[in-house]
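Beneath this line is the structure, given in structure tokens, with notes to follow.
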Amino acid sequence: MQSIQSYINDNKERFLNELIELLKIPSISADSAYKGDVLKTADLIKISLEKAGCDHVEICETDGYPIVYGEKITDKNLPTVLVYGHYDVQPPDPLDLWNSPPFEPIIKKTELHPDGAIYARGACDDKGQMYMHVKAMEYMTSNNELPCNVKFMIEGEEEVGSVNLSKFVKANREKLKNDVILISDTGMIAKDVPSITTGLRGLSYVEVEVTGPNRDLHSGLYGGAVANPINVLTKMIASLHDENNHITIPGFYDKVENLSDGERSEMAKAPFSLEAYKKSLDIDAVYGEEGYTTNERNSIRPTLDVNGIWGGYTGEGAKTVIASKAYAKISMRLVPHQDWEEITKLFKDHFESMAPKGVKVKVKPHHGGQGYVTPIDSVGYKAASKAYEQTFGKTPIPQRSGGSIPIVSLFEEELNSKTILMGFGLDSDAIHSPNEHFGIWNYLKGIETIPWFYKHFTELSS
Ligand code: BES
Ligand code: MN
Ligand code: MN
Numbered sequence: 020m021q022s023i024q025s026y027i028n029d030n031k032e033r034f035l036n037e038l039i040e041l042l043k044i045p046s047i048s049a050d051s052a053y054k055g056d057v058l059k060t061a062d063l064i065k066i067s068l069e070k071a072g073c074d075h076v077e078i079c080e081t082d083g084y085p086i087v088y089g090e091k092i093t094d095k096n097l098p099t100v101l102v103y104g105h106y107d108v109q110p111p112d113p114l115d116l117w118n119s120p121p122f123e124p125i126i127k128k129t130e131l132h133p134d135g136a137i138y139a140r141g142a143c144d145d146k147g148q149m150y151m152h153v154k155a156m157e158y159m160t161s162n163n164e165l166p167c168n169v170k171f172m173i174e175g176e177e178e179v180g181s182v183n184l185s186k187f188v189k190a191n192r193e194k195l196k197n198d199v200i201l202i203s204d205t206g207m208i209a210k211d212v213p214s215i216t217t218g219l220r221g222l223s224y225v226e227v228e229v230t231g232p233n234r235d236l237h238s239g240l241y242g243g244a245v246a247n248p249i250n251v252l253t254k255m256i257a258s259l260h261d262e263n264n265h266i267t268i269p270g271f272y273d274k275v276e277n278l279s280d281g282e283r284s285e286m287a288k289a290p291f292s293l294e295a296y297k298k299s300l301d302i303d304a305v306y307g308e309e310g311y312t313t314n315e316r317n318s319i320r321p322t323l324d325v326n327g328i329w330g331g332y333t334g335e336g337a338k339t340v341i342a343s344k345a346y347a348k349i350s351m352r353l354v355p356h357q358d359w360e361e362i363t364k365l366f367k368d369h370f371e372s373m374a375p376k377g378v379k380v381k382v383k384p385h386h387g388g389q390g391y392v393t394p395i396d397s398v399g400y401k402a403a404s405k406a407y408e409q410t411f412g413k414t415p416i417p418q419r420s421g422g423s424i425p426i427v428s429l430f431e432e433e434l435n436s437k438t439i440l441m442g443f444g445l446d447s448d449a450i451h452s453p454n455e456h457f458g459i460w461n462y463l464k465g466i467e468t469i470p471w472f473y474k475h476f477t478e479l480s481s
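Here the sequence shown is numbered in our numbering, starting from 20 and rising by one per residue.
Next up, the structure:
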């Protein structure tokens with residue numbers, strides 16, 4: 020399969036231009052104003068799967084955005100790889116912090132990406148990484164190198180919780196039957212440090228509302244005499260962590276898996292520079308739960324963070340007012356064994372019970388999902404490891420990630436197969452942030468590595 024490198028060399032301009040066309044469409048699933056664009060993106064993915072050599076491609080309608088399904092079944096006795104990815108993207112705001120418009124992709128060279136990186140919303144998460152699989156498929160079918168069966172399932176609602184995909188998976192177990200699930204929607208440690216993601220955190224996302232007086236009040240006439248919902252909300256939020264930055268919700272840690280000292284020291288071997296980490300974020304110190312390292316805090320430990328908080332007057336100048344209501348959106352990242360619905364209930368009970376006299380507190384659960392861990396001795400992991408060895412000349416390091424792809428644990432439950440997370444993004448790619456980008460080197464390296472996974476997985480499976 021040496022020819023994959025020359026195939027990429029001969030076609031890389033086209034590979035880039037096709038991705039750029041995909042990135043031009045603002046497929047923002049969270050904002051209904053972009054409905055037409057999200058649907059248009061699904062159509063484009065369908066066409067690209069057909070061109071890449073799938074025998075059968077269909078747009079599967081759901082109650083929300085469609086799922087693009089494609090397959091090439093060569094021999095029922097051969098293993099089947101199911102590729103999952105998402106074509107929707109996060110909203111790009113705040114727009115004024117982008118150096119170029121989020122849906123007008125441009126290529127720029129940076130210190131980390133001397134070959135250039137594509138700047139656009141979705142460049143890394145997940146259009147760029149998903150499209151690597153489409154191009155790897157194109158290579159394999161057009162060079163007679165596809166060793167097994169393949170199914171693609173590309174959804175348009177990952178960034179809003181994959182609610183309709185869950186239903187689709189439950190209703191289509193036979194159609195989606197596979198031997199391994201392959202996803203590129205995570206990252207790797209560094210360009211010269213390949214890694215395979217072996218864990219994802221779960222998520223519970225809630226919105227809270229504190230209501231005080233029946234209308235906004237003059238802060239001089241009423242200030243000090245009635246509960247101010249914003250004062251109350253911030254105090255309640257502050258009480259959710261203690262002085263050691265442990266979360267104070269009763270029962271929150273009950274099911275948290277404690278890693279052995281051996282596992283922790285294994286984790287600590289992954290290359291990491293605290294100085295570089297701080298420098299990249301312009302912070303003079305890190306922060307977090309007492310007793311854990313930065314890499315532990317952002318992967319094997321659960322967290323609670325306010326994602327947004329509002330109420331009262333935030334316009335220009337000053338307005339003396341006590342707001343009637345205050346709100347916050349809060350996410351809790353969970354680790355394996357913590358059940359997201361149980362944690363959501365613990366939060367709701369605790370937060371509502373904390374309400375002081377004079378206000379009403381409501382907790383509205385949003386969405387969530389379970390965490391995931393996968394062993395490093397599965398056939399899929401071994402095949403991925405060999406694939407990286409082939410293209411990076413190094414054995415990849417297993418790494419638990421702090422991010423969430425809630426559908427992965429459902430895949431395991433419903434489809435009974437392991438998911439292999441071969442991510443090619445870097446932390447500095449700024450996913451979900453202004454100026455998201457994806458290195459061209461990473462994009463092409465992904466396309467080069469994926470066909471080796473198919474080859475090794477098929478060989479190791481027989
Ligand atoms: N691709 C990300 C998740 C991710 C990124 C995992 C990097 C590991 C490393 C995914 O698109 C995402 O953003 N997930 C959401 C959860 C979802 C329910 C909105 C997240 O993690 O916030
Ligand atoms: Mn993603
Ligand atoms: Mn995302």
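Here a beta-carbon is modelled for each residue, glycine too, at the ideal position from N, C-alpha and C.
ask   = So is proline 113 buried or exposed if we call it buried at 16+ other beta carbons inside 10 Å?
value = Here the question's residue 113 lines up with position 94 in the sequence shown. Counting Cβ neighbours within 10 Å, proline 113 comes out exposed, since fewer than 16 surround it.
ask   = For tyrosine 346, which beta-bridge partners are listed by DSSP?
value = If you number the sequence shown from 1, residue 346 lands on position 327. Bridge partners of tyrosine 346: Glu228 and Trp329.
task = Identify every run of the alpha helix (DSSP H) within the stretch 122 to 185, keeping only runs that are complete inside it and at least 4 residues long; order them along the chain.
result = 146 to 161
key: Beta-ladder partner(s) of histidine 356, from DSSP   = Here residue 356 refers to the residue found at position 337 of the sequence shown. DSSP, once it has assigned bridges, lists no residue as partnering histidine 356.
ask   = Within 7 angstroms: the Cβ of aspartate 448 and any heavy atom of ligand 2?
value = For the purposes of this step, residue 448 is taken as the residue at position 429 of the sequence shown. Because no heavy atom of ligand 2 lies under 7 angstroms away, the Cβ of aspartate 448 does not count as near it: no.
message = Distance cutoff 8 angstroms, beta carbons only. Does glycine 422 sit that close to anything in chain B?
response = Reference to chain B is not applicable here, since this structure consists of a single protein chain.
query = Alpha carbon to alpha carbon, how far is valine 100 from valine 305?
reply = As a working note, residue 100 is residue 81 in the sequence shown. As a working note, residue 305 is residue 286 in the sequence shown. About 40 angstroms.
ask   = Among all residues, which have a Cβ less than 6 angstroms from at least one non-hydrogen atom of ligand 2, and in what chain order do they fall?
value = His105, Asp144, Asp145, Glu177 and Asp204
key: Contact between the stretch 130 to 143 and the stretch 62 to 76 (3+ Cβ pairs under 8 angstroms)   = The stretch 130 to 143, when compared against the stretch 62 to 76, does not touch it at the 8 angstroms Cβ threshold.
request  = Write down the C-beta distance between valine 102 and phenylalanine 171 rounded to the nearest angstrom, noting that I regard them as a contact closer than 8 angstroms.
outcome  = Residue 102 sits at position 83 when you count from the first residue of the sequence shown. Residue 171 sits at position 152 when you count from the first residue of the sequence shown. Correct: roughly 5 angstroms between the Cβ atoms.
task = Can you have a look at tyrosine 332 and say buried or exposed, based on whether 16 or more other CB atoms are within 10 angstroms of its CB?
result = Here residue 332 is taken as the residue at index 313 of the sequence shown, counted from 1. The residue is exposed, with fewer than 16 neighbouring Cβ atoms inside 10 Å.
ask   = Just checking my contact of leucine 323 with isoleucine 349 at CB under 8 angstroms: how many whole Å lie between their CB atoms?
value = Sequence index remark: in the sequence shown, residue 323 carries index 304 (1-based). Sequence index remark: in the sequence shown, residue 349 carries index 330 (1-based). Their Cβ separation, rounded to whole angstroms, is 7 angstroms, which keeps leucine 323 and isoleucine 349 in contact under 8 angstroms.
key: Nearest neighbour of valine 398, chosen from Ile126, Ile200, Tyr84 and Gly83 [CA to CA]   = For this step, residue 398 is matched to residue 379 along the sequence shown. The residue with the shortest Cα to Cα distance from valine 398 is Ile200.
ask   = Out of curiosity, what's the CA-to-CA distance linking isoleucine 39 and phenylalanine 122?
value = The count along the sequence shown starts at 1 and reaches residue 39 at position 20. The count along the sequence shown starts at 1 and reaches residue 122 at position 103. Distance between the alpha carbons of isoleucine 39 and phenylalanine 122: 9 angstroms.
query = Hey, how far is the Cα of serine 223 from the Cα of glycine 390?
reply = Here residue 223 refers to the residue found at position 204 when the sequence shown is read from its first residue. Here residue 390 refers to the residue found at position 371 when the sequence shown is read from its first residue. The straight-line gap from Cα to Cα measures roughly 10 angstroms.
task = Could you tell me which uninterrupted beta strand (DSSP E) segments, each at least 3 residues in length, are contained entirely in the stretch 41 to 105, listed from first to last along the chain?
result = 75 to 79, 86 to 91 and 99 to 105
key: Stretch pair the stretch 234 to 251 + the stretch 275 to 291: three plus CB contacts closer than 8 angstroms   = no
ask   = tyrosine 88 to isoleucine 362, Cα distance in whole Å?
value = Indexing the sequence shown from 1 puts residue 88 at position 69. Indexing the sequence shown from 1 puts residue 362 at position 343. About 34 angstroms.
request  = Tell me whether glutamine 109 counts as near ligand 3, meaning its Cβ is closer than 7 angstroms to at least one heavy atom of that ligand.
outcome  = Here residue 109 corresponds to residue number 90 of the sequence shown, with the count starting at 1. Correct: glutamine 109 has its Cβ closer than 7 angstroms to ligand 3.
query = Is DSSP giving serine 22 helix, strand or coil here?
reply = For this step, residue 22 is matched to residue 3 along the sequence shown. Under the three-state reduction of DSSP, serine 22 is assigned to helix.
ask   = The alpha helix (DSSP H) spanning leucine 252 covers which residue range?
value = The count along the sequence shown starts at 1 and reaches residue 252 at position 233. According to the DSSP assignment, leucine 252 belongs to the alpha helix (DSSP H) that extends over 248 to 257.
key: Per-residue burial, glutamine 148 [other beta carbons within 10 Å of its own, 16 or more giving buried]   = Position 129 of the sequence shown, counted from the first residue, corresponds to residue 148. Classification for glutamine 148: buried.
inquiry  = Please classify arginine 220 as buried or exposed, where buried requires at least 16 other C-beta atoms within 10 Å of its C-beta.
reply    = Residue mapping note: residue 220 aligns to position 201 of the sequence shown, counting from 1. It is buried - the Cβ of arginine 220 has at least 16 other Cβ atoms within 10 Å.
inquiry  = Closer than 8 angstroms is the cut-off here; do at least three beta carbon pairs connect the stretch 429 to 448 with the stretch 399 to 417?
reply    = yes
task = Look at the alpha carbon of histidine 132 and the alpha carbon of tyrosine 53, and state the distance between them as a whole number of angstroms.
result = By one-based count along the sequence shown, residue 132 stands at place 113. By one-based count along the sequence shown, residue 53 stands at place 34. Cα to Cα, the separation comes out at about 31 angstroms.
task = Could you tell me whether any non-hydrogen atom of ligand 5 is closer than 7 angstroms to the CB of histidine 356?
result = In the structure on display, ligand 5 does not appear, and the ligands it does have are ligand 1, ligand 2 and ligand 3.
key: CB of leucine 41 within 8 angstroms of CB of lysine 146, strictly   = Indexing the sequence shown from 1 puts residue 41 at position 22. Indexing the sequence shown from 1 puts residue 146 at position 127. Cβ distance < 8 angstroms, so leucine 41 and lysine 146 count as in contact.
ask   = valine 212 and isoleucine 416 look like a contact to me (Cβ under 8 angstroms); what is the Cβ gap, rounded to whole Å?
value = The residue you call residue 212 lines up with position 193 of the sequence shown. The residue you call residue 416 lines up with position 397 of the sequence shown. Contact holds; Cβ gap of about 7 angstroms.
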